[in-house]
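Trainee:
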Amino acid sequence: AQSVTQLGSHVSVSEGALVLLRCNYSSSVPPYLFWYVQYPNQGLQLLLKYTTGATLVKGINGFEAEFKKSETSFHLTKPSAHMSDAAEYFCAVRDQTGANNLFFGTGTRLTVIP
Amino acid sequence: DAGVIQSPRHEVTEMGQEVTLRCKPISGHDYLFWYRQTMMRGLELLIYFNNNVPIDDSGMPEDRFSAKMPNASFSTLKIQPSEPRDSAVYFCASSLFGGSSGANVLTFGAGSRLTVL
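Those protein sequences? They're chains A and B, same order as listed. For the first sequence, our numbering assigns the number 187 to the initial residue and increments by one for each residue that follows. For the second sequence, our numbering assigns the number 617 to the initial residue and increments by one for each residue that follows.
1. Which residue or residues does DSSP assign as beta-bridge partners of A:T191?
2. Tell me the DSSP secondary structure of A:S270 in three-state form.
3. Taking 6 Å as the limit between beta carbons, can you name the residues of its chain near B:R638, skipping five residues before and five after?
4. Restricting to Cα atoms, I'd like to know which of B:F707, B:F724, B:R729 is closest to B:L662.
5. Count the other CB atoms within 10 Å of the CB of A:T238; is the residue buried (16 or more) or exposed (fewer)?
6. Taking the alpha-carbon of B:V669 as reference, which of B:T654, B:S689, B:R652, B:L733 has the nearest alpha-carbon?
7. Among the candidates A:G202, A:R280, A:I299, whose CA atom is the shortest distance from the CA of A:F220?
8. Does the beta carbon of A:F253 come closer than 9 Å to any beta carbon on chain B?
9. Express the C-alpha separation of A:Y218 and B:G760 in angstroms, rounding to a whole number.
10. So, for A:G293: in the same chain, excluding its five sequence neighbours on each side, which residues have a beta-carbon less than 8 Å away from its beta-carbon?
11. Give me the residue from B:N667, B:E699, B:F649, B:D672 with the minimum Cα distance to B:M631.
12. Taking the beta strand (DSSP E) that B:D672 falls in, what are its first and last residues?
13. Does B:I663 come out as helix, strand or coil in the three-state DSSP assignment?
14. Would A:V197 pass as a contact of A:T297 if the rule is Cβ separation under 9 Å?
15. According to DSSP, which residues form a beta bridge with B:T731?
16. Tell me the rounded alpha-carbon separation between B:V635 and B:L659.
17. Residues bridged to A:S200 by DSSP?
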């Protein structure tokens with residue numbers, strides 16, 4: 187079965203600093219991986235996704251993630267944090283049993299310190 | 617497209633009352649999902665539909681919960697009777713199947729915040 191583990195339920199960075207949110211996956215088949223962001227009192231929005239091909243995936247708002255098979259990781263990064271990046275971030279892996287579901291991690295709350 | 621539309625956005629009710637949450641998916645999407653989000657358990661999948669047919673309801677907590685999708689543009693999640701532990705944010709999401717070489721992208725609604733007193 188597929189699953190994802192997000193390391194760190196809370197991450198704080200200073201404005202302008204590097205953002206690194208960690209996600210490790212477990213899958214017996216090549217995974218499809220996603221990062222979603224949730225702003226306060228809103229639903230989840232897709233940041234980026236990895237299916238096949240280039241392992242470095244660029245998303246919206248300057249975020250990117252790199253798929254590393256050897257490390258079973260799909261960490262999310264942004265070179266310079268902005269106050270507007272404060273939100274909760276969820277890593278997810280697609281259910282590849284033939285269904286269309288996603289398995290979500292427990293989320294990482296990002297705080298940006300001015 | 618207006619996106620996935622959920623109603624009500626906020627619901628406060630008393631224990632024992634029936635609660636009905638509604639969802640209108642994106643037109644043309646063939647999958648619909650109901651999730652529940654709480655501080656303790658995070659984001660949990662309750663049930664999902666494909667072409668209006670329930671595929672997996674193993675996440676539905678108990679018989680008090682039921683979900684229907686009478687047509688491609690409408691779904692309901694009902695809790696009867698409601699209990700305080702049902703207090704949570706309930707999200708509806710829809711997607712178009714990505715196929716064997718594609719990747720489905722779920723589009724979420726803004727959520728319905730339920731408080732059961």
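We put the beta carbon where it would ideally sit given N, CA and C, even for glycine. Because the structure is a prediction, the values reported are computed rather than measured.
Mentor: Answer, in terms of the structure:
1. A:N210
2. helix
3. S623, T692
4. B:F707
5. Exposed, because fewer than 16 other Cβ atoms sit within 10 Å of the Cβ of A:T238.
6. By alpha-carbon distance to B:V669, the top candidate from B:T654, B:S689, B:R652, B:L733 is B:S689.
7. A:R280
8. no
9. Residue 760 of chain B is absent from the structure shown; chain B starts at 617 and stops at 733.
10. Q192, S195, Q224, E274, Y275, F276
11. Of the residues B:N667, B:E699, B:F649, B:D672, the one whose Cα lies closest to the Cα of B:M631 is B:E699.
12. 669-672
13. strand
14. Between A:V197 and A:T297, the gap from beta carbon to beta carbon is short of 9 Å.
15. B:V628.
16. 20 Å
17. A:I299
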